[in-house]
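Working notes, structure below.
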Amino acid sequence: MSFDIKVTQQPQAEFHPQHKKLNQLIQQIEQQKQDLKLGQNAQSEIQSYLQQKLVPIYRDLHTILFKQLEQLWAHLQQQDFSKADLEQLDHKLTQLAKQLKKSSYLNTAQLQKVVEVHIFYQQNHL
C-alpha cells in the first residue's frame with residue numbers, strides 16, 4: 001500500500017473587481033484613521049505647548065501694554081503737550097485701549113481702566 005500524497009496547486013482565486021474596490025476602500029479608511037489619530041495627537045501637543053510656553057508670554061505682554069496705557073494716560077492728564085505730541089499720545093492710547101479691551105489676561109480693575117480710556121476716545125473722536 002502506498003501512501004503517496006499528491007499535492008496540486010489551486011489557481012489563485014480571482015477577486016471580482018467589486019471585491020478589489022472594497023479592499024482598497026477599507027485600506028484607505030484604515031489609513032485615514034491613522035492619519036486622524038496622528039492629527040489629534042499633534043493637536044494635543046500643540047495645545048500643551050501653547051499653555052506652557054506662549055500663554056505666560058502673552059499674559060506678560062498684556063501686563064506691559066497695560067502699564068504703558070496707564071502711564072501714558074496719567075502723563076496726558078498731568079502735563080501740557082504740543083498738538084503733535086497730543087495726537088501721537090491719543091493715537092497710541094486709542095490703539096492700546098482697542099487691543100486690551102478684549103484681553104482675558106487683565107484683572108477687573110485693569111479692564112475697567114482700559115474701558116474708561118476706550119470710552120473717552122470714542123466719545124471725543126467721533
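In the UniProt record's numbering, the protein residues as written are 1 to 126. Note that CB positions come from ideal geometry on N, CA and C, so glycine has one too.
- By the Cβ neighbour-count rule, F81 is exposed, with fewer than 16 other Cβ atoms within 10 Å of its own.
- Only buried fits A97, as 16 or more other CB atoms lie within 10 angstroms of its CB.
- When only Cα atoms are considered, V114 and S48 end up about 30 Å apart.
- In the three-state DSSP reduction, D90 falls in the helix class (H, G or I).
- For D80, the three-state secondary structure derived from DSSP is coil.
- CA-CA distance, I119 to L72, rounds to 16 Å.
- Here DSSP, grouped into helix, strand and coil, assigns S104 to coil.
- Judged by beta-carbon spacing, L36 lies beyond the 8 Å limit of L69, meaning their Cβ atoms are not closer than that value.
- L65 places its beta carbon 8 Å or farther from that of L22.
- Counting along the chain, K37 sits inside the alpha helix (DSSP H) bounded by residues P17 to Y49.
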